[in-house]
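1 is the number of the first residue of the sequence shown in UniProt numbering; add one for each residue after it.
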Amino acid sequence: MSRCFDGSQVAYKRGDGAEAKEQSNRGKEHQANMKRLNREASDWIYVKNNEDSAPGEIDLHGLYVKEAIYRTEIAIREARSRGDGQVNLIVGQGLHSKGGSAKIKPAIEELMRNEKLAAQIDPDNAGVLIVKLDARDGMGADEINRRLERNDEGCVVM
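Now the structure itself:
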């Protein structure tokens with residue numbers, strides 16, 4: 001793909017517009033195929049990882065961050081439509097991530113903050129986030145702020 005785009009630039013600079021266009025079109029075709037194959041791989045990984053998952057639980061292992069966010073948004077939407085009170089997201093601890101630093105977990109935690117959803121780490125498994133879909137089931141950011149402002153409960157554990 002990059003060779004095609006590079007070749008397109010070289011052809012353009014030497015004044016061969018037809019060759020530049022041909023190389024560019026080939027590069028775009030390779031790029032489209034790459035995206036399609038990545039989507040197929042992501043779908044396959046997600047389905048395979050979740051074939052034995054319990055209802056209300058999704059495993060995000062093996063996905064890129066953007067794919068994990070996309071799958072999480074869908075899972076939350078579907079869980080809400082079923083009337084589920086929570087979703088368990090298996091995000092892992094980052095042990096297999098490049099550099100050994102978690103990528104999916106912090107991204108999903110940020111998504112939960114942005115969506116104003118209460119989430120907590122499973123006390124039995126630090127690689128699982130328990131997301132409360134019903135505000136009565138957990139403390140969201142607004143409730144935490146109210147309690148901090150009242151300051152009559154000593155402390156708030158987050």
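Where is the CB? At the ideal position from N, CA and C, for every residue including glycine.
Quiz item: How is residue 43 classed by DSSP in three states: helix, strand or coil?
Solution: helix
Exercise. Please look up how many angstroms separate the CB atoms of residue 130 and residue 124, rounded, as I've assumed it's under 8 Å.
Key: That pair is no contact at about 10 Å.
Self-check item: Length of the line joining the Cα atoms of residue 106 and residue 12
Solution: 44 Å
Quiz prompt | Assigned secondary structure, residue 57 (DSSP; H/G/I helix, E/B strand, else coil) | solution = strand
Quiz item: Hey, is the region 54-63 in contact with the region 111-118, meaning 3+ C-beta pairs nearer than 8 Å?
Solution: no
Exercise. Along the beta strand (DSSP E) that carries residue 122, what are the first and last residues, could you check?
Key: 118-122
Quiz item: Any idea what DSSP makes of residue 7, helix, strand or coil?
Solution: helix
Quiz prompt | The beta strand (DSSP E) enclosing residue 129, as first and last residue numbers | solution = 125-132
Quiz prompt | Which residues DSSP lists as bridging residue 89, in chain order | solution = 58, 129
Quiz item: Counting along the chain, where does the alpha helix (DSSP H) carrying residue 110 start and finish?
Solution: 104-114
Quiz prompt | Within 8 Å, strictly: CB atoms of residue 68 and residue 90 | solution = no
Exercise. Evaluate residue 108 with the Cβ neighbour count: other Cβ atoms within 10 Å of its Cβ, from every protein chain shown; 16 or more gives buried, anything less gives exposed.
Key: buried
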